[in-house]
Ligand SMILES: [Ca+2]
Ligand SMILES: [Ca+2]
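Residue numbers (our numbering): 24 to 280.
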């Protein structure tokens, strides 16, 4: 067996951290909700809807990221009114970028009120059809934890000359979640394995393991080191385990960086 085969074999071999039982109970709950909602199917030909996307699944304290807000219209829509809630205790909104927005006339400049970003504006003529970016919210993570962004209010008006309200369907993607890790890239999970004993488990969730701003070979080799030594759990997809999938995620990140 050559070296490459050995590495692959060691990756595919099941990894069983000591505390996997407790981790499995606690951690997937968070991600599971998002996965379920994301599974909703919507027909963009017959329904209008809104969806949001986070530029990252996990960040460190102090790190910047973006939440993009999209509107999909099955009838021409020429005015939108959208409220996006963010967790103000965990997140600071540093700006609202509308440079690429389909909205060309802002009734009021996008603004922040308490923990809500308000996007209110329209387009010339009959409006837009199909899926378009409304705004990109620039944000910075402040404190470790799970942060949830959610569209709390939305209204689309048709460009039919009388401003008829266009019904907005649930896309299942009106919310986005991301993990904010501590500065060292770790995330502490409180868990209970059913025996009544509470334990806190540290899981490392950020693929830029050494925190130098990019995912490189140095991070991958740290991951591989932890794989062999089993001293740390790197879990990038939130299933509570360190598996081949996590290896695939760090590899993918190293290519996209
Ligand atoms: Ca790195
Ligand atoms: Ca995992």
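Cβ atoms here follow ideal geometry from the backbone N, Cα and C, with glycine treated the same way.
Quick caveat: nothing in here was measured; it's all calculated off a predicted structure.
May I ask you to verify whether the segment 173-180 touches the segment 155-165, counting CB pairs closer than 8 Å and requiring at least 3? Not touching, per the Cβ criterion.
Coil, strand or helix - residue 248 by DSSP: Three-state result, residue 248: helix.
Cα separation between residue 250 and residue 199? One C-alpha to the other measures close to 30 Å.
Pick from 276, 117, 79, 234: whose alpha carbon is nearest that of residue 206? Considering only alpha carbons, the answer is 234.
Please work out which residues of its chain come closer than 7 Å, Cβ to Cβ, to residue 149, disregarding the five sequence neighbours upstream and downstream, and give them in chain order. Result list for residue 149: 99, 101, 182, in chain order.
Reference residue 266, options 146, 236, 239, 228, closest by Cα: Distance check between residue 266 and each of 146, 236, 239, 228 places 228 closest, using alpha-carbon atoms only.
Residues bridged to residue 178 (per DSSP): Per DSSP, the beta bridge partners of residue 178 are 104.
Check whether the Cβ of residue 235 lies closer than 6 Å to any heavy atom of ligand 4, and answer yes or no. This structure does not include ligand 4; its bound ligands are ligand 1 and ligand 2.
Near residue 111, which residues of its chain fall below 8 Å by C-beta distance, leaving aside the five closest residues on each side in sequence? Excluding sequence neighbours, residue 111 sits near 137, 138.
With DSSP as the reference, label residue 271 as helix, strand or coil. The answer is helix: DSSP assigns residue 271 an H, G or I state.
Distance, Cα to Cα, residue 226 vs residue 257? Across the structure, residue 226 and residue 257 are spaced so that their CA atoms are roughly 6 Å apart.
Could you say which of 129, 117, 107 lies nearest to residue 197 if we only look at CA atoms? The shortest C-alpha separation from residue 197 is found at 107.
What first and last residue would you give for the beta strand (DSSP E) that runs through residue 135? Looking at the DSSP string, the run of the beta strand (DSSP E) that includes residue 135 is 134-136.
Can you give the Cα-Cα distance for residue 208 and residue 119, rounded to whole angstroms? Taking the straight line joining both Cα atoms gives about 27 Å.
Look at the Cβ atom of residue 125, then the Cβ atom of residue 151, and state whether they are nearer than 7 Å. A contact, by the Cβ cut-off of 7 Å.
Short of 8 Å in beta carbon distance, which residues of its chain neighbour residue 117, apart from the five on each side in sequence? Order them along the chain. Contacts found: 87, 161, 162, 163.
Rounding to the nearest angstrom, what Cα-Cα distance links residue 202 and residue 90 in this structure? Between residue 202 and residue 90, the C-alpha separation is close to 14 Å.
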